[in-house]
Amino acid sequence: MPRSRAIPLRQQRGNWAYAGQTNDLEHRQGPLPRADRSPSEGAILRLRHDPPTRRTRRRIWAAVGGGVALLTLTACGAGDPARGWLPYGASEGADRVSNLWVAMWIAAWAVGALVWGLTIYCMIRFRRKKDDVGLPPQLRYNVPIEILYTVVPVIMVGVIFYFTVRDQSALMDTSQPADVHVNVVGKQWSWDFNYIDADVHDSGVQAELTGKAGVAETLPTLVLPVNQRIEFILTSRDVIHSFWVPAFQQKLDVVPGNVNKFQVVTNQEGTFTGKCAELCGAYHATMLFNVKVVPEAEYQAHLGQLRAAGKTGLLDNSLSREGLKPGEQQYIPSRKEA
Ligand SMILES: [Cu+2]
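Residue 174 in the numbering used here is what sits at position 174 of the sequence shown, and the numbering runs on without skipping anything.
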């Protein structure tokens, strides 16, 4: 049986109205929840707020307007909406990354639209009416709904996990023989490039960030042939770096003592930026380089220039601070294997 409780009568104060005034306690069942009590003023029910003032409404509309303007401006920036505003890719793997990225956003927006839609529907459909008194019926332990909102997110995470693992496995697959093998060596604060197949090397120095135009031309440049499968074999001389060419939309840590590898198939000529993506010390920001993807003849010409400049042979990883861990050397192909 419903049980009434005596509530002290209080005067209405500010935005609050008190239970005693509306005599609505007959509509309640059971003891009052803790949240409805005020320690100093006894059991008080929060029944209604005054409607938002004009000023508050103006602020809400200003915030909504600002958000829409920000979204519009962002959308007008560089990049292609069909690729989720990612930079254009210069490798086959880049398409895989942007497809996964766009698909995730579509799924996220669909879930967001559903949740917002249901939220707004509930806010309107079940809003407090002028003549409502007391609290609406309080529901709990709806087993079918609880199962639904446990199982559905698990399925969604499972789907995202499946596609992520599928694409990651493909991007990290190095089982196919590569056309070109480059041992990229990270060092504080630049990069060395060992062109294993051609038995030549290039050694970079850290960028001089003068703030003036022309810095890009002074950076170490990794030259690669177009439409070929390139294998990057990553080693470090000192601390953990991360080899990142944004146009390939792929990066991988460069770990001292270990050999990490990944392959890309270049499919676009051009000059792209490269950088270290792992905070590796005071001059981490100067670990900039260029990647030039060129026709085969131009690539061979560049190798010839390195040879002519006396940069023959490879820079040994024994130059590294700690060398490679036992058993890691086998992952760096020798010139004959490459
Ligand atoms: Cu670094």
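Backbone N, C-alpha and C define an ideal beta-carbon position, used for all residues, glycine too. From a predicted model like this one, the values you see are computed outputs, not experimental measurements.
Within 8 Å, strictly: CB atoms of residue i and residue j
| i | j | result |
| --- | --- | --- |
| Leu-252 | Asn-260 | yes |
| Lys-292 | Val-245 | no |
| Leu-171 | Phe-262 | yes |
| Ile-195 | Leu-319 | One point to set straight first is that residue 195 is Tyr, not Ile, in the sequence displayed. No, Cβ-Cβ distance for Tyr-195 and Leu-319 is not below 8 Å. |
| Gly-89 | Asp-80 | no |
| Ile-160 | Met-104 | yes |
| Leu-306 | Asn-317 | no |
| His-181 | Pro-87 | no |
Residue i burial status per 10 Å Cβ neighbour count (16 or more: buried)
| i | result |
| --- | --- |
| Glu-231 | buried |
| Cys-122 | exposed |
| Leu-114 | exposed |
| Pro-326 | exposed |
| Asp-202 | buried |
| Val-152 | exposed |
| Ser-175 | exposed |
| Arg-55 | exposed |
| Gly-112 | exposed |
| Arg-237 | buried |
| Tyr-149 | exposed |
| Ala-301 | exposed |
| Tyr-299 | buried |
| Gly-274 | buried |
| Ala-178 | buried |
| Ser-38 | For Ser-38, the pLDDT reaches just 44, beneath the cut-off of 50, and the residue's location in the model is therefore unreliable, although a value from the coordinates is still provided. When all chains shown are included, Ser-38 counts as exposed. |
Candidates the options: closest to residue i by CA position
| i | options | result |
| --- | --- | --- |
| Phe-248 | Ile-240, Arg-229 and Pro-256 | Arg-229 |
| Tyr-162 | Val-226, Ala-82, Pro-81 and Leu-100 | Leu-100 |
| Pro-256 | Ala-297, Gln-329 and Pro-333 | Gln-329 |
| Gly-158 | Ala-107, Arg-59, Thr-312 and Gly-84 | Ala-107 |
| Ser-169 | Ala-110, Val-133, Gln-305 and Gly-93 | Gly-93 |
| Leu-297 | Lys-130, Tyr-283 and Asn-227 | Looking at the sequence shown, residue 297 is not Leu but Ala. When each option's Cα is compared against that of Ala-297, the closest is Asn-227. |
| Thr-164 | Lys-275, Val-102 and Gln-305 | Val-102 |
| Leu-314 | Ala-198, Asp-238 and Leu-209 | Ala-198 |
| Leu-209 | Arg-58, Leu-139, Tyr-149 and Ala-285 | Ala-285 |
| Pro-137 | Arg-57, Thr-218, Trp-61 and Arg-128 | Arg-128 |
| Pro-295 | Ala-282, Ala-308, Gly-270 and Gly-310 | Gly-270 |
| Thr-312 | Ala-82, Arg-321 and Arg-335 | Arg-335 |
| Gly-84 | Trp-109, Ala-308 and Val-64 | Trp-109 |
Supposed close pair residue i, residue j - CB separation, criterion 8 Å
| i | j | result |
| --- | --- | --- |
| Val-215 | Ala-207 | 6 Å |
| Thr-235 | Val-254 | 7 Å |
| Cys-280 | Ile-240 | 7 Å |
| Val-184 | Phe-126 | Incorrect: roughly 60 Å between the Cβ atoms, too far for contact. |
| Gln-250 | Val-97 | 7 Å |
| Pro-220 | Gly-204 | 3 Å |
| Cys-276 | Gly-186 | 7 Å |
Problem - Validate contact between the stretch 283 to 302 and the stretch 182 to 200 using beta carbons, cut 8 Å, 3 pairs - result: Touching, yes.
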